[in-house]
């Protein structure tokens, strides 16, 4: 699995992973327009402001019945927030959930982000009802922590690693 710069085809694929506004908001947080089109989705993704990556497959990563390499497996972003590498908008392709891809995405983003930003700690926000994401983050070494400022979102947890 390889982290790459997102292609337009990746953004189009990513858009197909959401079937309603709640799913989109659970992933993106507030301020993402719905319904969306390629233009509004790309603008709201803010790839010019955040370091954005697609996790794509290599031939050996996928089952034999898969017909292509360079398949979009996951997407994520990072930026500096309060002196930490803050992970954002992490998502795994619904077809490949439960196969350890989230761990690969987080490991690679954390490694690149810490080095790029020259910091030693990572952080992220997650909705308190997103139990599968919380479980994944805990498994990857994140812990729930107090946010050092007024937390910007209600029902949101702040996690650090």
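Numbering (the numbering used here), first residue to last: 3 to 163.
No residue lacks a Cβ here, since even glycine has one placed at the ideal position from N, Cα and C.
Closest residue to residue 16 among 98, 77, 32, 27 (Cα-Cα distance): 77
According to DSSP, residues forming a beta bridge with residue 53: 80
Neighbourhood of residue 159 by C-beta distance below 6 Å, restricted to the same chain and skipping five residues each side: 128, 130, 146
Per-residue burial, residue 69 [other beta carbons within 10 Å of its own, 16 or more giving buried]: With a pLDDT of 49 at residue 69, under the threshold of 50, the modelled position of this residue cannot be trusted; read the value that follows with caution. So residue 69 ends up on the exposed side.
Where the beta strand (DSSP E) containing residue 86 begins and where it ends: 86 to 94
Element boundaries [alpha helix (DSSP H), containing residue 43]: 40 to 47
Same chain, Cβ closer than 6 Å to residue 98, five either side skipped, listed in chain order: 75
Helix, strand or coil at residue 16 according to DSSP, with G and I counted as helix: helix
Close Cβ partners of residue 132 (< 8 Å) along its chain, the five nearest in sequence each way excluded: 28
The segment 104 to 119 / the segment 150 to 159 touching (three or more Cβ pairs under 8 Å): no
Residue of 89, 24, 32, 47 minimising C-alpha distance to residue 14: 47
Candidates 12, 144, 32, 52, of which the one nearest residue 123 by Cα: 144
Exposure of residue 140, with buried meaning 16 or more beta-carbon neighbours within 10 Å: exposed
Residue 4 versus 134, 120, 126, 111, residue with shortest Cα-Cα distance: 111
8 Å CB neighbourhood of residue 148 in its chain, flanking five on each side removed: 160
Residue 27: first and last residue of the uninterrupted alpha helix (DSSP H) it sits in: 23 to 30
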